[in-house]
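K.L.:
Those letters in the sequence shown? Residues 177 to 469, per the numbering used here, in order. Below is one structure. I have some questions about it.
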Amino acid sequence: MISLVEFFSDLSNPALAFLPKALLISVISSIVCGVVGTHVVLRGMAFVGDAVAHAVFPGIAIAFVLQGSVLLGGAVAGAVVALLIAMFSQRRRVKEDTVIGIFFAAAFASGVVFISQVDGYTASLTSFLFGSITGVSTGDIILTAVVGLVVIVLLALLAPQLTAVTLDRETARAMNLPTMLLDVLLYVAVTAAVVISVQTIGNILVLALLVTPAATARMLTDKFSVMSAIAAGVGTCSSLVGVYLSWALDLPTGATIVLVATAFFLLSWCLSPRHGLFKRRISADNSQGAVFS
């Protein structure tokens, strides 16, 4: 295992130019996913986040085969699948969650079929499913930063309206808020967060980057703005520690980042000053003591 000093030395090594790029794009993706994930967790949309990750895969695969924009391909695929779901969900014979499961599984399978047409597709498929830090370019970083900034600014501007819909949809409708438009914009934000994170953490694990830091923040605060900031911070720390450990121990980067994020969640679940396991145990013991005193 290499030390932190050696890791920082590698970051400045011209022969390892991909390493600082991988670290930077991981941090950017984590910040965006943390902010977007706050809405996902509060709305109970974890299944939707997982579904979006599957939906964008064929677009990413086609863009890869045609050597086009992965971000554009993923966005188009997500929009097409969302439209199909909206159309088929109008028939109440089949419930919406069933339609989502059918089309997102079909979308993921389509992506695998497209990737299989590329010579040496096994390596490409592994890269998409589990992430790869070696292929990050300066253009990828710039595009990720721009898209991430747009998503964060959009959510910040719409935070009061989105929060109102999250807390009570019927009241939001009574206030004449455009609930359907707000839902669409949030789905677009989730899609963008998923697409920019796929290269680093992979299609399968990206849901963890959306949900785990936000769930950790939920254990620590009840205030929405603070929760978003903590989620972004936890995601950033998970990426920094995860990239270091993956490099030091020769582990898969995406999986290591997810495991670090999970460790943070478990710590918050146990040690949260307001909602942690130990706090609840102490409160229960104090209550029993008060009864018998």
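Even glycine gets a Cβ: it sits at the ideal position worked out from N, Cα and C.
Quick check: the segment 242-254 against the segment 387-406, are at least 3 beta-carbon pairs closer than 8 Å?
P.N.:
Counting Cβ pairs under 8 Å, fewer than three are found: no touch.
K.L.:
So Phe233 and Ala281 are supposed to be a Cβ contact under 8 Å. How far apart are they, rounded?
P.N.:
With 8 Å as the limit, Phe233 and Ala281 do not qualify as a contact, their Cβ atoms being about 11 Å apart.
K.L.:
Put Ser188 into one of helix, strand or coil per three-state DSSP.
P.N.:
coil
K.L.:
Asn189: buried (16+ other C-beta within 10 angstroms of its C-beta) or exposed?
P.N.:
That one is exposed.
K.L.:
Grouping DSSP H, G and I as helix and E and B as strand, with all else coil, what is Pro389?
P.N.:
helix
K.L.:
Just reading off the alpha helix (DSSP H) that Leu361 is part of, what are its end residues?
P.N.:
Boundaries of the alpha helix (DSSP H) around Leu361: Thr355 to Ile377.
K.L.:
Nearest CA to the CA of Ser206: which residue from Leu353, Val434, Ser422 and Arg349?
P.N.:
For Ser206, the nearest C-alpha among the options comes from Val434.
K.L.:
What number of angstroms, rounded off, separates the C-alpha of His230 from the C-alpha of Gly220?
P.N.:
18 Å
K.L.:
When the Cα of Ser401 is compared with those of Ala335, Val329 and Thr274, which residue comes out closest?
P.N.:
Ala335
K.L.:
State buried or exposed for Phe326, treating a residue as buried only when at least 16 other CB atoms are found within 10 Å of its CB.
P.N.:
It is Val, not Phe, that sits at residue 326 in the sequence shown. That one is exposed.
K.L.:
Alpha carbon to alpha carbon, how far is Ser444 from Thr310?
P.N.:
32 Å
K.L.:
Between Val366 and Tyr420, what straight-line distance do the alpha-carbon atoms span, to the nearest angstrom?
P.N.:
27 Å
K.L.:
Let me make sure I understand the geometry here. Which of Val436, Ser202, Val216 and Met177 has the alpha-carbon closest to that of Leu343?
P.N.:
Val216
K.L.:
Taking 7 Å as the limit between beta carbons, can you name the residues of its chain near Leu425, skipping five residues before and five after?
P.N.:
Met177
K.L.:
Return the CA-CA distance between Val270 and Ala193, expressed in angstroms with no decimal places.
P.N.:
The straight-line gap from Cα to Cα measures roughly 51 Å.
K.L.:
Tell me whether the beta-carbon of Thr432 lies closer than 9 Å to the beta-carbon of Gly418.
P.N.:
Closer than 9 Å, so yes.
K.L.:
Taking C-beta to C-beta, are Gly210 and Val370 nearer than 9 Å?
P.N.:
no
K.L.:
Is the CB-CB distance between Val364 and Val374 below 9 Å?
P.N.:
no
K.L.:
On a Cα-Cα basis, can you pick out the residue from Met403, Val228 and Ile291 that is closest to Leu278?
P.N.:
Reading the sequence as shown, one finds Ile at residue 278 and not Leu. Ranking the options by Cα distance to Ile278, first place goes to Val228.
K.L.:
Is the beta carbon of Ile201 closer than 9 Å to that of Thr412?
P.N.:
no
K.L.:
Is Thr347 buried or exposed, if buried means 16 or more other CB atoms sit within 10 Å of its CB?
P.N.:
Result: exposed.
K.L.:
So, under 8 Å CB-CB, Leu358 and Leu331 are touching, yes? Tell me the CB distance rounded to an integer number of Å.
P.N.:
Leu358 to Leu331, Cβ: 11 Å. No contact.
K.L.:
Unbroken alpha helix (DSSP H) runs of length 4 or more, entirely within the segment 413-448: which are they?
P.N.:
Within the segment 413-448, the runs of alpha helix (DSSP H) that reach at least 4 residues and sit entirely inside it are, in chain order, 429-447.
K.L.:
Determine whether the beta carbon atoms of Val294 and Val241 lie at a separation below 9 Å.
P.N.:
yes
K.L.:
Helix, strand or coil, according to DSSP, for Lys197 in the structure here?
P.N.:
helix
K.L.:
I need the DSSP call for Ser206, collapsed to helix, strand or coil.
P.N.:
Helix at Ser206.
K.L.:
Alpha carbon to alpha carbon, what distance is there between Phe290 and Ser179?
P.N.:
41 Å
K.L.:
What is the DSSP secondary structure of Ile238, reduced to helix, strand or coil?
P.N.:
helix
K.L.:
For Asp398, which of helix, strand or coil comes out of DSSP?
P.N.:
coil
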